Amino acid sequence: MRGALSLSVLREMRGRGFDVTLAYFFPEAVGYTWDPCEDFAQEGRLLDLSADRAPPAVQRLAGAIAERRIPLAVQFGAPQAYGHVGRLKERRPGLRTLDVLYNEVGHTVAHFLHENAFDGVVVESEAMRAFVARETAKAEPGIHVMLSGVDLDAFRPARDQPPRPLTLGYVGRMSPEKDPLRFVALAEALHRKLPELRFAMYGEGAMEGEVRARIAGGSAAAVIEYRGYVDHVREALHAVDAVMLPSRVDGRPNVVMEANACGVPVFGAPVGGIPELIEDGANGWLLRPDAAGHAAGVIASWLAAPAALEETRLRCRRIAEERFDRSRMLDDYERLFDAQCEAGRVA
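In this text, residue positions in the sequence shown follow my numbering: the first is 1092, and each later residue adds one.
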């Protein structure tokens, strides 16, 4: 998927001297904008395994690992890959293997079925560290916490924007765990309380049709605009005054950090790693049971005193600079991969 954190990290590691080969199992990212990874393909570092059954896929992977003397294999969310990892370890016992888990759902179930094939687990929040430690059957699961960050130069507050109505945004995947339908319901409730407020939804995914239909058939269709995919998330964040993240489950969502870097506060559900990112009342607010009433109170204070929103924007940027710098995250990944590669070479 274009813009995926995994691809961003791997591209940066290439720039830092790692020889990275990508293998993928899905022929396309259904419901999302596909990243063809032409930079990897041009250097012969892209393996398309989408048409391979299990034995040929393992053979091709093992062949590439042997030919290129690859010491480390990292699994980034491909359910089909889990059954291959143990077979690869049988063929090359010295190969180091890591799995990356962003939240508690999806392929996480497959991880615990195959966890003995992995030398370690990469997570990006303390909440996920606790989850893996609680669910694992291994005495030493090898949990590595890589606190994600964002590019503070690419994500900066907007300048010289034309006046617009105060706008609350949804910026993220149209998928069940992110719960975009709850955003629509909250927007309708907020519209009844604050008719001057406007709403914008950015993103794509399997639920796009359902979300569009829900907006069109709801009571606030005139003030909720579905804007879909944007080339850079910054475009969406510059077009809204606050972001609402009503996730059912989540890891350490980039959009909180990206929004703060752009001077945009976030109303976030208190799930997963979101409470680790939001200082309630500083760079955002954790949604309470009465989410619409809670958010309406904050937004009404901005409408009454715009200077209060401006102070919040400045505080968001300051917190992003103090806590969410991507360069620190990439340094952490480099150290982890270096150590794992060295262990694989020695073995």
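Here a beta-carbon is modelled for each residue, glycine too, at the ideal position from N, C-alpha and C. Remember, it's a predicted structure, so these values are computed and weren't measured experimentally.
{"Check": "Arg1417 versus Leu1243 - alpha carbon distance", "Outcome": "7 Å"}
{"Check": "For Ile1234, the residue or residues it bridges with in DSSP", "Outcome": "Val1212"}
{"Check": "Leu1377 versus Ala1399 - alpha carbon distance", "Outcome": "18 Å"}
{"Check": "Residue closest to Gly1135, alpha-carbon to alpha-carbon, out of Ala1157, Val1111, His1385 and Val1346", "Outcome": "Val1111"}
{"Check": "Closest Cα partner of Gly1435 within the set Tyr1115, Pro1162, Glu1103 and Pro1184", "Outcome": "Pro1162"}
{"Check": "Local Cβ density within 10 Å of Leu1204, reported as buried at 16 or more and exposed below that", "Outcome": "exposed"}
{"Check": "Complete beta strand (DSSP E) runs within the region 1290 to 1338 (minimum length 3 residues, chain order)", "Outcome": "1315 to 1319 and 1333 to 1336"}
{"Check": "Buried or exposed (CB count within 10 angstroms, at least 16 for buried), Thr1199", "Outcome": "buried"}
{"Check": "Enclosing alpha helix (DSSP H) for Gly1388 [first to last residue]", "Outcome": "Ala1382 to Ala1395"}
{"Check": "Proximity below 8 Å, CB of Ile1444 to CB of Met1335", "Outcome": "With the chain covering only 1092 through 1438, there is no way to say anything about residue 1444."}
{"Check": "Inter-stretch contact (C-beta, 8 Å, three-pair minimum) for the region 1254 to 1269 and the region 1290 to 1308", "Outcome": "yes"}
{"Check": "Extent of the continuous alpha helix (DSSP H) run through Phe1358", "Outcome": "Where Phe1358 is concerned, there is no enclosing alpha helix (DSSP H), although the beta strand (DSSP E) it sits in stretches over Val1357 to Gly1359."}
{"Check": "Neighbourhood of Pro1170 by C-beta, 7 Å cutoff - its chain only, sequence neighbours within 5 removed", "Outcome": "His1198 and Ala1201"}
{"Check": "8 Å Cβ cutoff met for Ala1148 and Leu1140", "Outcome": "yes"}
{"Check": "Beta strand (DSSP E) segment containing Arg1187, residue limits", "Outcome": "Arg1187 to Val1191"}
{"Check": "Selection from Pro1254, Arg1426 and Ile1306 that minimises the alpha carbon distance to Leu1272", "Outcome": "Ile1306"}
{"Check": "8 Å contact criterion, which Pro1356 and Thr1403 should meet: CB distance rounded", "Outcome": "5 Å"}
{"Check": "Cβ contact (3+ pairs, closer than 8 Å) linking the region 1181 to 1196 and the region 1212 to 1231", "Outcome": "yes"}
{"Check": "DSSP-derived helix/strand/coil call for Gly1135", "Outcome": "coil"}
{"Check": "At least 3 beta-carbon pairs within less than 8 Å: the region 1421 to 1437 vs the region 1102 to 1109", "Outcome": "yes"}
{"Check": "Alpha carbon of Ala1164 to alpha carbon of Gly1359, nearest angstrom", "Outcome": "34 Å"}
{"Check": "Nonlocal neighbours in the same chain, by C-beta distance under 8 Å from Val1362, ignoring five residues either side", "Outcome": "Ser1338, Arg1339, Val1340 and Asp1341"}
{"Check": "In DSSP terms, what Thr1258 is bridged to", "Outcome": "Arg1289"}
{"Check": "Residue of Ile1156, Gly1309, Leu1179 and Ala1333 minimising C-alpha distance to Ala1145", "Outcome": "Leu1179"}
{"Check": "Three-pair Cβ contact test at 8 Å for the region 1277 to 1285 versus the region 1239 to 1254", "Outcome": "no"}
{"Check": "Cross-strand partners of Ala1164 (DSSP beta bridge)", "Outcome": "Thr1188"}
{"Check": "Run of the beta strand (DSSP E) containing Ala1114, from where it starts to where it stops", "Outcome": "Leu1113 to Tyr1115"}
{"Check": "Buried or exposed (CB count within 10 angstroms, at least 16 for buried), Asp1270", "Outcome": "buried"}
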